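Right, one structure below, let's go through it.
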Amino acid sequence: MSLYLVILGRQGSGKGTQCTRLVEHYGCPHVSTGDMLRAAREEGTEMGRKAGEIMDAGGLVPDEVMFGIVAERLAKPDVLKHGVLLDGFPRTAGQADELERMLAEHGERLDVAINLDVPVEEVTKRMLTRGREDDTPEAIAERLRLYEEQTAPLVEWFDGHGLLAVVDGLGEEDEVFHRLVATVDAKTRGASQGEPLPAADDDVVD
Ligand code: AMP
């Protein structure tokens, strides 16, 4: 049984921590396009260098580059066997269309796109208490505004395709994790053809 998940969430939503826990729980790889681009930059490849410049300028790396990276990753044996938790891709409705097409090539489709929802006021507070140098209130507000602008059409795309699940990201880490697992399990049980899933870990039963 392979799972195809997408996760969205504002900076400061706790998405990184929850991704680590989700992949541990479901046994599928975590594929973060931001991490992949940063790794390419570290390696100093031509693509990494170009992507690095775009990332520094706060832009989006061109689709043809992203599609190449993602298609290659999705064709790897670990993904084919277990599915994937996609983080950072898709970022636009166009990328979502392409993802759908790529998965169809493997006879797969997305199970659910989770929007880990933490209100702007709360993520702002979290980022300010973290106290990083580039975390001025103005810079935070601008990053969040850009995120909203980019993400709104994508959220609409997932909603329109019946794939969107909004999960409340407020509360204790464990509590949020249980909500995420419940949401994913509900979506995938509905989609599986009568084949029972293995029982969830005891610790996720509320
Ligand atoms: P992230 O770690 O997801 O915030 O990504 C860091 C940066 O990598 C972004 O600001 C973009 O410049 C680039 N990036 C990551 N994923 C994508 C994507 N799906 N499409 C275009 N650019 C991306």
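The number in the working numbering is simply the position in the sequence shown, starting from 1, with 136 added. Heads up, the beta-carbon is just placed ideally off N, CA and C, and yes, glycines get one too. Since this is a predicted model, take the numbers as computed values, not measurements.
Residue i CB to nearest heavy atom of ligand 1 below 7 Å
i: phenylalanine 294; result: no
i: valine 197; result: yes
i: phenylalanine 225; result: yes
i: glycine 170; result: yes
i: methionine 114; result: It is not possible to answer for residue 114, since the shown part of the chain is limited to 137 through 342.
Inter-residue Cα distance where the pair is residue i and residue j
i: glutamate 160; j: glutamate 189; result: 33 Å
i: leucine 264; j: glutamate 257; result: 11 Å
i: serine 138; j: alanine 207; result: 17 Å
i: proline 268; j: glutamate 234; result: Note that residue 268 is arginine in the sequence shown here, rather than proline. When rounded, the distance between both Cα atoms is 36 Å.
i: aspartate 199; j: arginine 315; result: 33 Å
i: leucine 210; j: valine 220; result: 8 Å
i: glycine 298; j: alanine 277; result: 30 Å
i: serine 168; j: threonine 181; result: 18 Å
i: phenylalanine 373; j: aspartate 214; result: An answer regarding residue 373 cannot be provided, because it is not within the stretch 137 to 342 covered by the chain.
i: alanine 301; j: glutamate 274; result: 30 Å
i: arginine 237; j: alanine 288; result: 21 Å
i: aspartate 321; j: leucine 173; result: 31 Å
i: arginine 266; j: arginine 146; result: 15 Å
i: tyrosine 162; j: valine 259; result: 27 Å
i: aspartate 192; j: glycine 307; result: 32 Å
i: glutamate 285; j: arginine 279; result: 10 Å
Candidates the options, of which the one nearest residue i by Cα
i: lysine 323; options: Arg245, Glu274 and Gly145; result: Arg245
i: isoleucine 143; options: Val254, Lys217, Pro198 and Gly224; result: Gly224
i: alanine 229; options: Ala249, Pro213 and Ala193; result: Ala249
i: lysine 212; options: Gly145, Cys164 and Gly170; result: Cys164
i: leucine 222; options: Arg281, Gly170 and Trp293; result: Gly170
i: histidine 166; options: Gly152, Arg279 and Met183; result: Gly152
i: histidine 218; options: Glu179, Asp247 and Gly195; result: Asp247
i: glycine 195; options: Asp295, Gly296, Leu282 and Glu309; result: Leu282
i: leucine 120; options: Glu309, Asp310 and Phe294; result: This structure gives no information on residue 120, because the portion of the chain shown stretches from 137 to 342.
Chain-order list of residues whose beta-carbon lies under 7 Å from that of residue i (same chain, five-residue window excluded)
i: valine 312; result: Gly150, Gln154 and Gly305
Which residues DSSP lists as bridging residue i, in chain order
i: isoleucine 190; result: According to DSSP, which records beta bridges pairwise, isoleucine 190 is partnered with nothing at all.
i: histidine 166; result: Leu221
i: aspartate 253; result: Asp304
i: leucine 144; result: Asn251
i: leucine 139; result: Gly219
Residues near residue i by beta carbon distance below 8 Å, same chain, minus five either side
i: valine 303; result: Ile250, Asn251, Leu252, Asp253, Val312, Arg315, Leu316 and Thr319
i: alanine 187; result: Leu173, Ala176, Arg177, Val197 and Val201
i: aspartate 271; result: Met263 and Leu264
Sequence-distant residues of its chain with Cβ nearer than 6 Å to residue i (five each side left out)
i: proline 226; result: Ala232 and Leu235
i: arginine 157; result: Phe313
i: glycine 148; result: Val259, Arg262 and Met263
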